[in-house]
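**Q** Take a look at the following structure, please.
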Amino acid sequence: MPKIEVHEERFFSLIGRRFTHPELEEILTAAKGELDEVDSQEGILKLELNDTNRPDLWSAAGLARQLKIYSGNGIPEYPFFSRPGEARDHGGRTLTVDPGLREIRPYICAFAVQGPPLDDLTLRDIIQSQEKLCWTYGRRRRAIAMGVYRSGLITYPVRYDAVDPDTTRFKPLDGDREMSLREIHREHPKGIEFGHITEGFPRFPFLRDAEGDVLSYPPVINSDRIGAVEVGDTELFIELTGTEIHPLLLAGSIVACDFADLGFTILPVKILYPYDTPYGREITTPFYFQKPQEVELRSAEKLLGEEFSPREALRCLARMGCSAEVREGRVRVAPPEYRNDFLHGVDIIEDLMIGRGMNSFTPVTPRDFTVGRLGDAELLSRRVLSLMVGLGFQEMIFNYLGSRRDFVERMRGAGGDIVRIANPMSENYEYLRNSILPSLMQAESVSGNAAYPHNIFEIGKIARPDPSENYGTATIDSLGFLSASTEAGFNGINSRIAALLSNLSVEYSLTESDDPRFIPGRAAEIRVRGKKAGVFGEVHPAVLENWNIQMPCTAAEIDLNLLPE
Amino acid sequence: MNDNARQAAAGLHPLEARLLRAYKPGDVFDAPRLAADLGFKTGQSNQAASWLLAKNLAAEKSRVQRVFYELTELGLEYAEKGSPEERILDLLRERGPLTLPEISSSLGLENKDVGSAFGALSKEGILSMGRDKRAVPASDGKPHSMVLTRRLLERARSGALAESDLSAEEREIVAGMSKKRGAASSPFRTLEREEVSYVLLPAAAEVREALVAAGISGDEIGELTQEMLATGSWKNAGFRRYNIFSPTSRIPMGRTNAYCDFLRSVKDKLVSLGFEEFDGPLVETEFWNSDALFMPQFHSARDIHDVYYLETPTHAREIEQPYLDQVAAAHENGWTTGSRGWEYSFDREFTRRLILRSQGTVLSAKQLPRAKVPGKYFGIVRCFRYDQVDATHLSDFYQTEGIVIGDGVNLKTHLGFLKMFAEEVAGATEVKYVPGYFPFTEPSVEVHIKHPVLGWFELGGSGIFRPEVTEPLGIHHPVLAWGIGIDRMALMNLGLNDLRELFSTNIESVRQRRRK
Chain A
6 MPKIEVHEER FFSLIGRRFT HPELEEILTA AKGELDEVDS QEGILKLELN
56 DTNRPDLWSA AGLARQLKIY SGNGIPEYPF FSRPGEARDH GGRTLTVDPG
106 LREIRPYICA FAVQGPPLDD LTLRDIIQSQ EKLCWTYGRR RRAIAMGVYR
156 SGLITYPVRY DAVDPDTTRF KPLDGDREMS LREIHREHPK GIEFGHITEG
206 FPRFPFLRDA EGDVLSYPPV INSDRIGAVE VGDTELFIEL TGTEIHPLLL
256 AGSIVACDFA DLGFTILPVK ILYPYDTPYG REITTPFYFQ KPQEVELRSA
306 EKLLGEEFSP REALRCLARM GCSAEVREGR VRVAPPEYRN DFLHGVDIIE
356 DLMIGRGMNS FTPVTPRDFT VGRLGDAELL SRRVLSLMVG LGFQEMIFNY
406 LGSRRDFVER MRGAGGDIVR IANPMSENYE YLRNSILPSL MQAESVSGNA
456 AYPHNIFEIG KIARPDPSEN YGTATIDSLG FLSASTEAGF NGINSRIAAL
506 LSNLSVEYSL TESDDPRFIP GRAAEIRVRG KKAGVFGEVH PAVLENWNIQ
556 MPCTAAEIDL NLLPE
Chain B
13 MNDNARQAAA GLHPLEARLL RAYKPGDVFD APRLAADLGF KTGQSNQAAS
63 WLLAKNLAAE KSRVQRVFYE LTELGLEYAE KGSPEERILD LLRERGPLTL
113 PEISSSLGLE NKDVGSAFGA LSKEGILSMG RDKRAVPASD GKPHSMVLTR
163 RLLERARSGA LAESDLSAEE REIVAGMSKK RGAASSPFRT LEREEVSYVL
213 LPAAAEVREA LVAAGISGDE IGELTQEMLA TGSWKNAGFR RYNIFSPTSR
263 IPMGRTNAYC DFLRSVKDKL VSLGFEEFDG PLVETEFWNS DALFMPQFHS
313 ARDIHDVYYL ETPTHAREIE QPYLDQVAAA HENGWTTGSR GWEYSFDREF
363 TRRLILRSQG TVLSAKQLPR AKVPGKYFGI VRCFRYDQVD ATHLSDFYQT
413 EGIVIGDGVN LKTHLGFLKM FAEEVAGATE VKYVPGYFPF TEPSVEVHIK
463 HPVLGWFELG GSGIFRPEVT EPLGIHHPVL AWGIGIDRMA LMNLGLNDLR
513 ELFSTNIESV RQRRRK
């Protein structure tokens, strides 16, 4: 979940009023945000935003906008947006797209801004929104990357080209010399981090102006001249490139609205595509592409359990920044320029809920009658539990992930096939257990200081590869128990198995087992209705040695799913 | 008679009581006398004396170090069969001259024992080596020392010989055949015993009076035996009073696990609220783990760094229809749900990818196609996360999740449910609701509670499943989905502050753990 840092004074001035921290916590819930931390030394608030479908909230300006509107300041207007069939004046700012980009990184969105001299706080905010948008929403620049430039140095038309990575050279930001794009991949930190996004293509995306001056190599690195934005700059050029048009346009709209809220004038740029897009070959950006969403007021009332007059509905939606109308019982919402999270009518219903305020809904005790019931596995495991406790055993509960060393090697490679994780975080959590016995051995191995005898058990799940299953694996409810004492011997465990199974009314037979986890001739397989349902015996001293256990042990494992008739 | 004496009398062991009633102050007693008068064994005499000393009712009178000689295993054998010297002499008298090996085999003795016995006898001039290396007796009769040894062995069979009872000559012989330790090769073992005698002090008189007054003879019943019950002999005797404040011993007992008890109590509570339990496999598909929950396949929470993938097998054979087609369509264009969907091309290969279940909501989704309406379901479900293990993160842990289906489900009953959970399951004193975000619910609500011990915290998240989740799975009623975090309550309940402790492998700490 995205976390952002905002400068407290700046943030409150953007909202247009101050909040105490408890007040802020309260109103932040309208943006599904939380106040994580206050750094009063630096005057910084650290905020967490939970809604991954609302990237517009991941900047100081965007979050402030939501809170300002929610506080009753009306819906802001952003007149610089072009719409399908309704382009704004681009003032001669054009950008041409190379046909070669169609298969590489086909879409671009751009605009220039003019405003007060850039201060340090604004620059920090811009860099933060760029990171949040491109990292989480833009999937680490793969789907969306953004660049900011010194607009005064640019001669239009800007060219978005596909170029040869080996012969194209420029001096990158934070680089000490001219490098080819290929060299940047190998040597520049940003190339090393993001080069993989374009690596597989024969040509790479490249941005330069009409004079051939380089803006950047998107999505990797800016140039060190046009791309070196500094405090004091008053004219900027912003572009975003990406693979899918809607997320890209939305990200561009969010950045444009943020700049507008910071007091900048937005100057549209006309993009000229050599191929078709859903909005034609010419798109002037920022561009409003969102479609209206509708919901019947009746279904909203049914889902929320409260009645809404059309007027009330419009008031609630306005608090969420949504222009809407109600006609013949249907609410029609035009999403704000910076939002595109209305997939379904239910998304309008949630905004109605938040707009009206959670406190306005009174909890109602549900009345549907249903019968409660534990699952079969739980019921059986409780019967087994009481018998095992009666036999003097201590119940244990273990983690299911472990290492090859514990689950396989220390058990002499026995226990059958095992599920291995393809992307383990560490070798200590690399395997899913296929038996409870290693868990029990591990407990014994760390418990030499506990008064003997040790009698422990676990009722839990194990999993094994099983080609007959659709999932190729079977999850089994299993009972494992272990006794460690000077007296532990086959007769003792055999008698306990008999006591347990006869009390469960299970008829079983024994056959000799050659399971290497046990001493040969002192291990038995439990058979129930012709199937192997378990194994037990005296644990082999080689296993005990592997676990550094110096006390004789007996152990058993039973597949509980095979016991009931 | 004072209270101290009465109390002292009541707390006496039967051995003490019998001793006190048998003697009066000034009387001298020791182990032999107690054995003769009261039938005490040596150990009982020592115990009784030491207790009375500790109570200042008796004092030590004399202490004498005495030496005893006791037969060893070998000595017992000598006493039965004779010493090797004696047996060799008897054999040669009976059979005439014999070589040493012939002697060994006839008597079943080791060659070296025969050799050393012959050496000792010839040194004393009793045997000599004749022709053909045959041993010959030098004279008739047995030497005096051999006769004495024989007599001493016989005497020692009925009890250790006291040094003070022996003549000077006997002492010399026995001492020569005895060792203090490691006496296996000698017929006698030397024992040093202290013989102590005691005298009853004047204070004993009062306690004795108290004993008499209370009717305590020391013959009261201690352990009640089967025989006493069979014969009814208990009817004619009193019962000894025990010290009920004596220290207890630790009993290794069978016990349930405190954390499991907590989980079972939550299950029981949910069942009592009308929820039916569901369960499922640890290994899941991307389809049920996320796709069926309308989480787009490019969602950031579905990154390689959030879920564990299986190395082999990698994919499920198939995903049940028509759910696969319907879910895929919901992602691509909303299917018939009225949604515009996520507008991307659904990957039907990726959806079969096998993973370790990462969220309990999987089972809620899987329950939908077979759910009753109205219906309430829950599960306490083991989930796996790609997390560094520390005090607040585990690689596998439990999530508590559930659903409520029915026409009565709406935001207000939703809040009513959360209130019920907060109060019934978590013991909340105050409840607060805030808008939440989950990819599969809309609207979504988080519930924060004020707990009497933990203060305010987020108990869980919930919401009404999106139509893109329910309709492709065949449900056309509103479904409330909820998940509550019970780990913090579990830790508090068990007095712990580290999640890893919930799954402790340490038997002693599990044995010690108590629920509050």
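Residue numbers (our numbering), protein chains in the order written: chain A, 6 to 570; chain B, 13 to 528.
Cβ coordinates follow ideal geometry from the N, Cα and C atoms, glycine included.
Which residue from 443(B), 164(B), 253(B) and 198(B) puts its Cα closest to that of residue 19(B)?
**A** Selected option, being the one with the closest Cα: 253(B).
**Q** Run through the DSSP bridge pairs and tell me what residue 365(A) is partnered with.
**A** Answer is none; residue 365(A) lacks a bridge partner.
**Q** Name the DSSP beta bridge partners of residue 80(B), please?
**A** Note: residue 80(B) sits in a beta bridge opposite 174(B) and 203(B).
**Q** To test your reading of the DSSP string, which unbroken alpha helix (DSSP H) runs of 4 or more residues are found completely within the region 128-211 of chain A?
**A** Complete alpha helix (DSSP H) runs here, min 4: 186-192 and 194-199.
**Q** Mapping DSSP to helix, strand and coil, what is residue 246(A)?
**A** The answer is strand: DSSP assigns residue 246(A) an E or B state.
**Q** Suppose contacts are defined by Cβ-Cβ distances below 8 Å. Is residue 83(A) in contact with residue 342(A) by that definition?
**A** Going by C-beta atoms, residue 83(A) is nearer than 8 Å to residue 342(A).
**Q** Check whether the Cβ of residue 426(A) lies closer than 8 Å to any Cβ atom in chain B.
**A** By this cut-off, residue 426(A) is an interface position.
**Q** In chain A, which residues lie with their C-beta within 9 Å of the C-beta of residue 425(B)?
**A** The contacting residues are 310, 368, 369, 370, 371, 372 and 373.
**Q** Across which residues does DSSP place residue 20(B) in a beta bridge pair?
**A** Answer is none; residue 20(B) lacks a bridge partner.
**Q** Looking at chain A, which residues of the region 287-302 of chain B have a Cβ within less than 9 Å of any of its Cβ atoms?
**A** For the region 287-302 of chain B, which is checked against every Cβ of chain A, the residues closer than 9 Å are 287, 288, 289, 290, 291, 292, 293, 294, 295, 296 and 297.
**Q** Taking 8 Å as the CB-CB limit, is residue 413(A) close to chain B?
**A** No - not a single Cβ of chain B is within 8 Å of the one on residue 413(A).
**Q** If you count every other CB in all the chains shown that lies within 10 Å of the CB of residue 548(A), and 16 or more means buried, which is it?
**A** By the 10 Å Cβ count, residue 548(A) comes out buried.
**Q** Residues of chain A with a CB under 8 Å from the CB of residue 269(B): which are they?
**A** Result: 399, 400, 401 and 402.
**Q** Output, in sequence order along the chain, the residues in the region 328-360 of chain A whose CB is closer than 7 Å to any CB in chain B.
**A** From the region 328-360 of chain A, only 348, 349, 350, 351, 352, 354, 355, 358 and 359 have a Cβ closer than 7 Å to chain B.
**Q** Would you list, in chain order, the members of the region 402-413 of chain B that have their beta-carbon closer than 9 Å to a beta-carbon of chain A?
**A** Here the close residues are 406, 407, 408 and 409.
**Q** Check for me: the alpha helix (DSSP H) holding residue 156(B) runs from which residue to which?
**A** Element bounds for residue 156(B): 156-168.
**Q** Given that residue 200(B) touches chain A, what residues does it touch there, using C-beta distances under 7 Å?
**A** Neighbours of residue 200(B) on chain A: none; closest Cβ ~37 Å, over 7 Å.
**Q** Considering only the alpha carbon of each residue, which of 491(B), 192(B) and 257(B) lies closest to residue 538(B)?
**A** This structure gives no information on residue 538(B), because the portion of chain B shown stretches from 13 to 528.
**Q** Just to make sure I have the definition right: I need the residues of chain A whose C-beta is within less than 7 Å of the C-beta of residue 520(B). Which are they?
**A** Neighbours of residue 520(B) on chain A, chain order: 452, 454 and 455.
**Q** According to DSSP, is residue 25(B) part of a helix, a strand, or is it coil?
**A** The answer is coil: DSSP assigns residue 25(B) none of H, G, I, E or B.
**Q** Note down, in chain order, every chain B residue with its Cβ under 9 Å from the Cβ of residue 458(A).
**A** Per Cβ cutoff of 9 Å: 264.
**Q** How many angstroms separate the CA atom of residue 259(A) from the CA atom of residue 340(B)?
**A** Taking the straight line from one Cα to the other gives about 30 Å.
**Q** Between residue 409(A) and residue 436(A), which are expected to be in contact by the criterion C-beta below 8 Å, what is the C-beta distance as a whole number of angstroms?
**A** So it is a contact: roughly 6 Å between Cβ atoms.
**Q** On a Cα-Cα basis, can you pick out the residue from 99(B), 110(B) and 134(B) that is closest to residue 121(B)?
**A** When only C-alpha atoms are compared, the closest one is 99(B).
**Q** Any beta carbon from chain A within less than 8 Å of residue 272(B)'s own beta carbon?
**A** At least one chain A Cβ lies under 8 Å of residue 272(B).
**Q** Consider the C-beta atom of residue 481(B) and the heavy atoms of the ligand HEM; say whether any pair is separated by less than 7 Å.
**A** The ligand HEM is not part of this structure, which contains no ligands at all.
**Q** Give the interface partners of residue 383(A) over in chain B, defined as CB-CB distance under 8 Å, in chain order.
**A** Simply 279, 289 and 291.
**Q** For residue 495(B), would you say it is in contact with chain A, using Cβ-to-Cβ distances shorter than 8 Å as the test?
**A** For residue 495(B), the answer is no, since every Cβ of chain A falls outside 8 Å of its Cβ.
**Q** Taking DSSP's pairing of strands, which residues face residue 564(A) in a bridge?
**A** Looking at the DSSP assignment, residue 564(A) forms a beta bridge with 483(A).
**Q** Please identify the residue among 289(A), 363(A), 298(A) and 77(A) whose C-alpha is closest to the C-alpha of residue 330(A).
**A** Checked all of 289(A), 363(A), 298(A) and 77(A); the closest Cα to residue 330(A) is 298(A).
**Q** I'd like the list of long-range same chain contacts for residue 272(A), defined as Cβ closer than 7 Å, with 5 residues on each side in sequence excluded.
**A** Taken in chain order, the residues that qualify are 96, 98, 116, 117, 118 and 119.
**Q** Do you know offhand how far residue 534(B)'s Cα is from residue 43(B)'s?
**A** Beyond the ends of chain B as shown, which are 13 and 528, falls residue 534(B); an answer cannot be given.
**Q** Can you give me the Cβ contacts of residue 273(B) inside the same chain, cut-off strictly under 7 Å, excluding the 5 residues immediately before and after it?
**A** Excluding positions up to five away in sequence, the list reads 527.
**Q** On the premise that residue 208(B) lies in contact with residue 75(B), defined as a C-beta separation below 8 Å, what is that separation, rounded to the nearest angstrom?
**A** With 8 Å as the limit, residue 75(B) and residue 208(B) qualify as a contact, their Cβ atoms being about 5 Å apart.
**Q** Let me check understanding here. Comparing Cα to Cα, which of 300(B), 304(B) and 319(B) lies closest to residue 479(B)?
**A** When each option's Cα is compared against that of residue 479(B), the closest is 304(B).
**Q** Beta-carbon separation of residue 416(A) and residue 522(A) under 8 Å?
**A** Result yes, Cβ atoms of residue 416(A) and residue 522(A) sit closer than 8 Å.
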